[in-house]
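See structure below.
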Amino acid sequence: MAAPTDVLIPGGSGGDASADAEGPAIRTLPPTGVYSALDTSPRGLTTEAAGARLRRFGSNELPRAAHPAIWRQLAAQFTDLFAVVLLIASAITALAYALQEPRDPGTLQLAVAILAVVVLNASIGFAQEYSAERTAESLQAMVPHTCRVLRDAVLRELPARELVRGDVVNLEAGDAVSADCRLVEAHDITVNNAAITGESDAVRRGHEPERQGPVLEARNCVFMGTDVVAGTAKAVVFATGRSTEFGRIFQLTAAAPRQKTPLQHQVASMARRVAGAALAVGSLLFAVRLPAGQDLVSAFVFALGVMVALVPEGLPATLSVSLAIGVRRMARRHALVKQLLAVEALGSTTVVCTDKTGTLTQAEMTVVQVWAGGVMHAVSGVGYEPTGEVTDPEPVRAALRAAALCSNARLVPPSEGGRWHVLGDTTEGALLVAAAKAGLDRAAEEAAAPRVGEHPFDSVRKLMSTVHSGDHGYRACVKGAPQELLERCTAIDRQGEVIALTEALRAEVMAVNDELATQGLRVLASARRKLSSPHPDRDTVESGLTFLGLVGMLDPPRPEVREAVAACHRAGIRVVMVTGDHPLTAEAVARRVGIVRHSAPTVVTGAQLNELDDDALDGLLAGQGDLLLCRVSPEHKMRVVTAFQRRHEVVAVTGDGANDAPALKHADIGVAMGASGTDVAREAAVMVLLDDSFASIATAVRLGRSVYQNIRKFLVYVFSSNIGELGPIIAATFAGFPLVPISAVQILAIDLGSDVLPALALGAERPEDDVMDRPPRSRHERLFSGAVMGRILFLGGIQALCGCAVFFWHVNGSGIPYSHFTEDNTVYREAITLVQAGIVISQFFIALTLRTERESVFRAGLLSNPWLLAAGGIGLVWMAGISYWPLLQNVFNTAPIAVTDWAVLAGLGTLPLAADEARKWWLRQRRSSRAVEQGGKR
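For the sequence shown, the working numbering assigns the number 22 to the initial residue and increments by one for each residue that follows.
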């Protein structure tokens with residue numbers, strides 16, 4: 022969506038005029054013309070007129086993204102491929118029961134059990150996603166809730182949502198602008214447009230008419246979501262809600278498609294492969310058993326049982342809960358994840374595009390250097406709290422005294438539980454804090470030298486001056502841009518001695534100014550002079566000055582950001598600054614936080630991006646050097662994100678302003694600020710940092726990576742169990758045994774009753790120590806990598822062999838011919854009970870060995886995951902109930918087994934653990950040998 026070139030006023034003279042009839046541009050009108058064009062007056066609207074406009078045009082708020090109806094969200098859980106396969110299997114099983122003659126109750130039990138599994142999985146997934154999304158809605162919006170409005174010629178405080186076009190509002194320092202307004206009176210007003218443009222510097226606004234042009238460049242307009250830094254003004258609302266610049270960006274955000282996460286692609290691919298494999302194997306065994314003399318329905322039900330054995334019924338629930346555990350862990354670290362799958366996607370992030378203001382910095386201007394008397398003085402402390410000190414403060418007090426007296430801002434102490442903050446211009450606030458750190462009491466200084474006159478700052482002369490009276494007559498205090506101020510000085514204060522300002526001294530001052538500027542500091546100068554009267558003209562006040570010193574300040578980086586950026590670099594994640602700020606300021610901050618690590622970073626502005634085609638942009642981003650993108654627009658950010666995604670990068674974008682919202686939504690992972698972020702940004706993001714700390718990004722990546730590792734662990738756990746279940750079934754088929762060694766209902770009991778809790782416990786494993794020392798995995802890396810499949814076949818194969826051994830050992834030991842076995846036969850019931858119990862026991866030991874990939878589980882500590890031990894114990898108790906409780910015996914067609922049988926099963930169950938420990942030992946030995954060989958070569 023292209024930015025509008027101007028705002029046009031609806032034609033007509035009444036409130037009922039068609040909004041489509043265009044009149045003159047709002048910025049071109051004189052103040053009196055603004056009232057007329059918007060059908061209002063300096064007294065404001067009447068209550069009746071405002072009510073009529075509210076009913077006609079709607080409230081002044083941005084519509085929230087509509088959530089699907091609850092029933093739609095629940096129904097979506099049944100569209101998962103695993104769920105679809107199981108629903109079809111349940112329906113076919115129910116149909117088979119209806120066609121059977123005589124009807125087998127076990128077939129109906131199987132149909133009901135499969136359906137119950139689908140409903141349970143859907144309920145768990147819905148509950149977790151619904152809870153996470155609704156928690157995100159508890160965040161408060163940034164758009165201000167109240168404003169001061171003239172209604173019926175009376176100044177009232179009203180809800181911002183009730184503002185309408187034509188309302189007259191009063192603005193003063195510290196206010197947040199509630200709608201797009203045209204100024205009709207302005208008194209030294211400056212506005213922070215960071216929420217709209219990304220530019221952190223305050224900009225001056227006036228009320229004089231201007232020529233047509235881009236509305237955001239109109240110096241007589243202010244916009245929703247921005248802040249008044251200094252001064253006062255009266256303004257008339259010309260746009261509300263969707264029609265504001267905030268609304269324009271909101272619509273741009275809504276149009277950006279939400280990207281699927283890598284895990285969504287991986288799970289979808291896995292589901293297709295598993296479903297295909299289940300169908301193929303089931304069909305094959307159906308074709309084998311049908312010619313063997315089994316009736317059609319029985320053979321079909323048998324094939325469905327095989328399919329159920331291959332489909333990991335508990336996987337969707339386990340995946341949802343494991344991701345939910347990651348969500349809760351991140352929430353405890355001040356990162357609120359709105360979508361469960363975003364947890365894992367964070368772990369695969371390869372590029373972080375970060376905003377500067379409010380994300381890397383504290384949005385609190387701070388003086389860090391003062392040059393006075395020819396000496397540089399460091400200033401400690403960060404933010405607006407006046408704690409810290411100035412090195413050798415005596416020589417700098419004159420410079421800071423003049424700067425503080427020539428300021429209109431106020432330093433406000435914290436209210437209960439709050440922080441120090443500035444009411445007014447943040448630059449002046451930083452000067453007041455520095456003066457306090459130098460031991461100056463502003464109240465005492467103002468009492469000793471009360472202000473009697475002022476010449477406000479303007480962007481032409483770049484100066485502000487005030488006149489003060491005192492015991493020794495009148496004097497002027499002046500502050501402003503160093504070069505402009507220096508041109509008006511004829512003397513300089515050197516250690517308390519006033520001397521003539523020679524060309525050499527001028528060059529020295531400018532050299533210091535340039536040095537501070539190259540450090541990314543905003544530099545102001547201060548000066549003073551004596552006056553003979555209290556009301557001289559401005560030229561007299563601002564000439565013949567004595568130069569006092571230079572003050573360097575910055576918006577300080579958050580103290581925890583540097584380590585967070587370093588952690589991202591160690592993890593192989595590229596950090597790129599994408600900001601609307603000036604290149605010099607951006608580079609200075611980037612160096613301080615460690616984003617820039619080399620002497621010559623690549624700095625590209627928005628104007629330069631406009632000149633690059635897609636191929637050139639791809640080439641720019643392909644470089645691995647330090648990259649800073651400055652003076653960029655929302656459209657630029659989206660283009661950069663898209664270009665990174667073309668290169669198959671997994672992109673996370675951080676930001677807090679409305680201008681960040683389109684890129685936040687278009688990115689793989691959008692990360693918004695919770696405390697200082699705009700409503701638009703939080704709506705677009707999938708993760709919100711409640712503490713606004715970039716450091717939470719590194720923590721979230723670490724947790725996201727551990728989630729992916731844990732997903733792989735419980736995938737191995739679940740699918741090795743399926744191999745153990747399928748192996749005896751295939752063996753019995755080709756051995757000519759007429760019945761299944763383990764029924765579909767027993768498989769469901771294992772998958773949901775014995776496997777889910779241990780799998781969840783594996784999903785709750787803490788991150789490994791070196792998780793952030795590994796490079797990010799490729800977007801195309803399969804969830805079922807060769808290593809994962811190898812481990813599944815290795816552990817599952819051992820389990821399957823043990824299952825076959827116990828089944829045929831028990832069946833053959835009875836001496837009964839295979840053809841004489843029926844489902845009611847006691848030996849058969851004991852045999853299938855042994856198979857089920859053997860799988861449950863071996864799965865417990867497999868869960869233990871899966872906790873580590875190479876390190877011995879005994880070294881990691883068998884008791885270090887008590888949830889896993891408890892889950893295994895519950896599974897064994899459940900298995901004992903199936904074996905000994907008559908009610909469950911009837912449901913699962915099982916029988917009691919002897920204590921000696923349990924002992925044999927326990928011995929066999931340890932085989933996967935022992936084999937995997939041997940595999941880990943071999944891997945450790947091979948790695949040690951390679952390390953020795955490489956050391957010898959060096």
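By construction, the Cβ of each residue, glycine as well, lies at the ideal position given by its N, Cα and C atoms. Note that the coordinates shown come from a computational prediction; the quantities given were computed from them, not determined experimentally.
Between residue 251 and residue 430, is the Cβ-Cβ spacing less than 8 Å? The residue given as residue 251 occupies position 230 in the sequence shown. The residue given as residue 430 occupies position 409 in the sequence shown. Yes, these two residues count as a Cβ contact at 8 Å.
Pairwise C-alpha distance: residue 433 and residue 198: Counting from 1 along the sequence shown, the entry for residue 198 is found at position 177. Counting from 1 along the sequence shown, the entry for residue 433 is found at position 412. Cα to Cα, residue 198 sits roughly 21 Å from residue 433.
Assumed close pair residue 382, residue 576 - CB separation to whole angstroms, cut-off 8 Å: Within the sequence shown, the letter at position 361 stands for residue 382. Within the sequence shown, the letter at position 555 stands for residue 576. Contact holds; Cβ gap of about 4 Å.
Could you check what DSSP says for residue 172 in three-state terms: helix, strand or coil? By one-based count along the sequence shown, residue 172 stands at place 151. DSSP places residue 172 in strand when its eight states are reduced to three.
Using CA coordinates, which residue listed in 664, 468, 767 is at the minimum distance from residue 912? Numbered from its first residue, the sequence shown carries residue 912 at position 891. Of the candidates 664, 468, 767, the residue whose Cα lies closest to the Cα of residue 912 is 767.
Using a Cβ distance threshold of 8 Å, determine whether the segment 931-948 contacts the segment 827-841, with at least three qualifying pairs required. no
In angstroms, rounded to a whole number, what distance separates the CA positions of residue 321 and residue 850? Against the sequence shown, residue 321 aligns to sequence position 300. Against the sequence shown, residue 850 aligns to sequence position 829. Rounded to whole angstroms, residue 321 to residue 850 spans 22 Å at the Cα level.
Could you say which of 669, 621, 762 lies nearest to residue 822 if we only look at CA atoms? To locate residue 822, count along the sequence shown from 1; it is residue 801. Minimum Cα distance to residue 822 is reached at 762.
Have a look at residue 12 and residue 562 and give me their C-alpha separation to the nearest angstrom. In the structure as shown, the chain starts at 22 and stops at 959, and residue 12 therefore has no counterpart that could be examined.
Are the CB atoms of residue 888 and residue 780 within a distance shorter than 8 Å? Here residue 780 corresponds to residue number 759 of the sequence shown, with the count starting at 1. Here residue 888 corresponds to residue number 867 of the sequence shown, with the count starting at 1. No. Outside cutoff.
With H, G and I counted as helix, E and B as strand and the rest as coil, what does DSSP make of residue 427? In the sequence shown, counting from the first residue as 1, residue 427 sits at position 406. Note: residue 427 maps to coil in three-state DSSP.
How is residue 248 classed by DSSP in three states: helix, strand or coil? Residue mapping note: residue 248 aligns to position 227 of the sequence shown, counting from 1. Here residue 248 sits in strand by DSSP.
Within the segment 343-425, note down every full beta strand (DSSP E) run reaching 3 residues or more, in order along the chain. Runs of the beta strand (DSSP E) inside the segment 343-425: 356-358, 372-375, 387-393, 396-399.
Mapping DSSP to helix, strand and coil, what is residue 548? In the sequence shown, residue 548 corresponds to position 527, counting from 1. Of the three classes helix, strand and coil, the one that applies to residue 548 here is strand, per DSSP.
Keeping to the same chain, check which residues put their C-beta closer than 6 Å to that of residue 464; ignore five residues upstream and five downstream. Along the sequence shown, one-based indexing puts residue 464 at 443. Nothing meets the Cβ criterion.
I need the straight-line Cα distance from residue 872 to residue 937, nearest angstrom please. In the sequence shown, counting from the first residue as 1, residue 872 sits at position 851. In the sequence shown, counting from the first residue as 1, residue 937 sits at position 916. Spanning the two alpha carbons is a distance of roughly 11 Å.
According to DSSP, residue 476 sits in a beta bridge with which residue or residues? Here residue 476 corresponds to residue number 455 of the sequence shown, with the count starting at 1. Note: residue 476 sits in a beta bridge opposite 486.
How would you label residue 885, buried or exposed, when you count the other beta carbons within 10 angstroms and need 16 or more for buried? Locating residue 885 in the sequence shown gives position 864, where the first residue counts as 1. With fewer than 16 other Cβ atoms within 10 Å, it is exposed.
I need the straight-line Cα distance from residue 105 to residue 300, nearest angstrom please. Numbered from 1 along the sequence shown, position 84 holds the residue referred to as residue 105. Numbered from 1 along the sequence shown, position 279 holds the residue referred to as residue 300. Using only the alpha carbons, I get a separation of about 13 Å.
Quick one: what's residue 729 bridged to in DSSP? Residue mapping note: residue 729 aligns to position 708 of the sequence shown, counting from 1. Paired residue(s): none; residue 729 is not in a bridge.
Residues of its chain near residue 610, where Cβ-Cβ distance is below 7 Å and the 5 sequence neighbours each way are ignored: As a first step, residue 610 must be located in the sequence shown, where it is residue number 589. Correct list, in chain order: 377, 381, 382, 541, 578.
What separation, rounded to the nearest whole angstrom, lies between the Cα atoms of residue 939 and residue 878? By one-based count along the sequence shown, residue 939 stands at place 918. By one-based count along the sequence shown, residue 878 stands at place 857. Taking the straight line from one Cα to the other gives about 11 Å.
Below 8 Å on the Cβ atoms is my guess for residue 771 versus residue 820; work out the distance and round it to an integer in Å. Along the sequence shown, one-based indexing puts residue 771 at 750. Along the sequence shown, one-based indexing puts residue 820 at 799. The beta-carbon separation of residue 771 and residue 820, rounded to 11 Å, does not stay under the 8 Å limit for a contact.
Residue 113 (DSSP reduced to helix, strand or coil): Position 92 of the sequence shown, counted from the start, is the residue given in the question as residue 113. Residue 113 falls in the helix class under three-state DSSP.
Could you give the residue range of the beta strand (DSSP E) that holds residue 495? Taking the first residue of the sequence shown as position 1, residue 495 is located at position 474. Counting along the chain, the beta strand (DSSP E) containing residue 495 begins and ends at 494-501.
Quick check on residue 210: does DSSP put it in helix, strand or coil? Here residue 210 is taken as the residue at index 189 of the sequence shown, counted from 1. Residue 210: strand per DSSP, three-state reduction.
Tell me which same chain residues have a C-beta within less than 7 Å of the C-beta of residue 59, skipping the five on either side of it? On the sequence shown, position 38 is the one that residue 59 refers to. The answer, listed in chain order, is 30, 186, 187, 257, 259.
Can you grab the Cα-Cα spacing for the pair residue 94 / residue 450, in whole Å? Taking the sequence shown and counting its residues from 1, the one referred to as residue 94 is at position 73. Taking the sequence shown and counting its residues from 1, the one referred to as residue 450 is at position 429. Approximately 50 Å, taken between the alpha carbons.
Looking at C-beta atoms only, is the number of pairs between the segment 363-377 and the segment 656-669 that lie closer than 8 Å three or more? At 8 Å Cβ cutoff, the stretches touch.
With DSSP run on the structure shown, which of helix, strand or coil describes residue 100? To locate residue 100, count along the sequence shown from 1; it is residue 79. Reduced to three states, the DSSP call for residue 100 is helix.
Taking DSSP as the reference, what is the three-state secondary structure of residue 887? The residue you call residue 887 lines up with position 866 of the sequence shown. It is helical.
Just tell me which of 408, 829, 523, 452 has its CA closest to the CA of residue 440. Looking up residue 440 in the sequence shown gives position 419. Shortest Cα-Cα distance from residue 440 to any of 408, 829, 523, 452 involves 408.
In whole angstroms, what separates the C-alpha of residue 967 from that of residue 100? Given that the chain is displayed from residue 22 to residue 959, the structure contains no residue 967 and the question cannot be resolved.
Can you tell me where the beta strand (DSSP E) holding residue 450 begins and where it ends? The sequence position of residue 450 within the sequence shown is 429, counting from 1. Counting along the chain, residue 450 falls outside any beta strand (DSSP E), though it belongs to the alpha helix (DSSP H) covering 447-458.
Alpha carbon to alpha carbon, what distance is there between residue 880 and residue 363? Indexing the sequence shown from 1 puts residue 363 at position 342. Indexing the sequence shown from 1 puts residue 880 at position 859. Distance between the alpha carbons of residue 363 and residue 880: 33 Å.
Take the Cβ of residue 42 as the centre, count every other Cβ of all protein chains shown within 10 Å, and call the residue buried at 16 or more, exposed below. Indexing the sequence shown from 1 puts residue 42 at position 21. Any reading at residue 42 is ruled out, since the residue's pLDDT is 32, under 50, leaving its predicted position unreliable.
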